[in-house]
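Engineer: Sharing a structure here in C-alpha cells format.
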Amino acid sequence: MKEWLRSNRQLVLRAVGTLLAICLLGILLYQSGWDEVSAALKRVSFVNLALAAGCVLLSRLFVIARWHVLLRSGGVRIQFKDTASLVFTGLFANNFLPTTIGGDVVRLAGAIQMGYDRAVCLASIAADRVVNMVGMSLASPLGLWQLVQAGTMQSLALAGLLQKGWGFLRRTLESFSIWFKKPSALFLALGFALLHMFFSFSANYILIHGMGETLPLWKVLGLFSLAYFVSLIPISINGYGLQELTVTFLLSQVGGVSVPVSATVAVLHRLLMMLFSLPGAFTLPGVMAKMDRSGAAKL
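Spelled out as C-alpha cells, the structure:
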C-alpha cells in the first residue's frame, strides 16, 4: 500500500484537491440554500439551454480547426475528420479518465498510430497549447480590470497565477520553430482560438441571463479567462471542483452574480463540455489499447 501511495502520490494529491474543492463548492451551495439553486435551474428555458449547447459545440469545432491548421502547416497531411477524431478522443480522456494520462498524450498516441510524424505532432500539440493560452491572455485583462475594481488582494492572487501561466508560455515557445516561418498559420490558429473562447464563454453568458441575472459579455469573457488560468494549477483531477469553485467565486464576488446562479452556471458548463466530448468514447478504447507501454508516446 505504501509503495502504491509513493508511486501514485501526484494522483492521490490531486484526488484530495478535487474532493476538497467539491466540498467547498457544496458548502457554498448549502449556505445559499438548495431551494435557490433549484429555482435557478428551473428558470433556464429549453431555448436558452439549446443555445448554450450550440455555442459549446461550435467552440469544440474551432478547437479542432485550431489544431488542424497547425498540423497541416507543419507538413502533416491529415484529413479534418481524423483531426476531429483525435481531438474528441483527447477531450473524452480529459473529462472521463481520472488518471495522469492526459488528453494530449492520447492525441499524440492516436496521431502516431495513424502514421504521422511523431516530432511534428508533438510540437503541434505544444503549439496548440500556447496558441490557446495566448488567446486566453488577450481576454484576461478584462478580468484583471474587474479584480482591481473588486479588491487588491484578489487581483494580487490572480496576478501570481497569471505569472505562472506566462512562465509556461515562455518554456513552450521553443515549440514554435516550425510555425515562426509560417505566421499566417499561427494567426489563423489564434483566430480559431479566439472563436473557441467566444462561443464557449458565450454559452455561460446565455445561461446567466437565462436564469434572470445580468452580466455584460465582456465581463463574462474576462472572468472565465481568469478561471482558465486557475484551472491550470495541478491540484485537482482534470480541474474538477477547482474550476467550478473558481467560476463560482469570480462570478459571485467579482461579477455580482448570486452564488446559486454562479454555481449552477459552472456546473452546467462542465456538463455541456463533457457532453460534447462523448464522441471520443468510440475511438478512445482503440487508442488506449495500442498506446506504447514503454511511455514513448508521452509528452
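Numbering that gives the first Met the number 0 numbers the first residue of the sequence shown as 0 and each following residue consecutively.
No residue lacks a Cβ here, since even glycine has one placed at the ideal position from N, Cα and C.
1) Output needed for T17: all residues of its chain with C-beta closer than 6 Å, excluding positions within five of it in sequence on either side, in chain order.
2) Rounding to the nearest angstrom, what Cα-Cα distance links T282 and F79 in this structure?
3) Would you please state the rounded distance, in angstroms, between the beta carbons of A262 and L28? I believe it to be under 8 Å.
4) Between A110 and L143, which are expected to be in contact by the criterion C-beta below 8 Å, what is the C-beta distance as a whole number of angstroms?
5) In angstroms, rounded to a whole number, what distance separates the CA positions of L56 and M196?
6) Under 8 Å, do S44 and G209 count as touching if we go by C-beta distance?
7) Put Y309 into one of helix, strand or coil per three-state DSSP.
8) How should C367 be labelled, buried or exposed, when 16 other C-beta atoms within 10 angstroms of its C-beta is the threshold for buried?
9) Can you tell which of L69, L270, L24, S230 has the C-alpha that lies nearest to the C-alpha of N203?
10) Quick check on the DSSP output: the alpha helix (DSSP H) that includes T282 runs from which residue to which?
11) Might you give, ordered along the chain, the residues of its own chain that have their beta carbon closer than 7 Å to the beta carbon of L24, omitting 5 neighbours on each side?
12) Does G89 come out as helix, strand or coil in the three-state DSSP assignment?
13) Alpha carbon to alpha carbon, what distance is there between F275 and R59?
14) How many angstroms separate the CA atom of G190 from the CA atom of A14?
Structural biologist: Concretely, from the data shown:
1) Here residue 17 refers to the residue found at position 18 when the sequence shown is read from its first residue. Excluding positions up to five away in sequence, the list reads S235, I236, Y239, G240.
2) The residue labelled residue 282 in the question sits at position 283 within the sequence shown. The residue labelled residue 79 in the question sits at position 80 within the sequence shown. Taking the straight line from one Cα to the other gives about 15 Å.
3) As a position in the sequence shown, residue 262 is number 263, starting the count at 1. As a position in the sequence shown, residue 28 is number 29, starting the count at 1. Correct: roughly 5 Å between the Cβ atoms.
4) As a first step, residue 110 is located in the sequence shown; it is residue number 111 there, counting from the start. As a first step, residue 143 is located in the sequence shown; it is residue number 144 there, counting from the start. No, A110 and L143 are not in contact; Cβ-Cβ is about 36 Å, not under 8 Å.
5) Counting from 1 along the sequence shown, the entry for residue 56 is found at position 57. Counting from 1 along the sequence shown, the entry for residue 196 is found at position 197. Spanning the two alpha carbons is a distance of roughly 12 Å.
6) Taking the sequence shown and counting its residues from 1, one reaches residue 44 at position 45. Taking the sequence shown and counting its residues from 1, one reaches residue 209 at position 210. Closer than 8 Å, so yes.
7) Here the chain comprises residues numbered 0 to 298, so residue 309 is not present and cannot be evaluated.
8) Outside the modelled stretch of the chain, which goes from 0 to 298, sits residue 367, for which no answer is possible.
9) Locating residue 203 in the sequence shown gives position 204, counting from the first residue. The candidate whose alpha carbon is nearest that of N203 is L270.
10) For the purposes of this step, residue 282 is taken as residue 283 along the sequence shown, with counting starting at 1. No alpha helix (DSSP H) holds T282; DSSP gives it neither H nor E.
11) Along the sequence shown, read from residue 1 onward, the residue named residue 24 stands at position 25. Closer than 7 Å at Cβ, skipping near neighbours: G240, E243, L244, T247, A262.
12) Within the sequence shown, residue 89 is the residue found at index 90, counting from 1. Three-state result, G89: helix.
13) For this step, residue 59 is matched to residue 60 along the sequence shown. For this step, residue 275 is matched to residue 276 along the sequence shown. Each residue's alpha carbon lies about 8 Å from the other.
14) By one-based count along the sequence shown, residue 190 stands at place 191. By one-based count along the sequence shown, residue 14 stands at place 15. Their Cα atoms are separated by approximately 35 Å.
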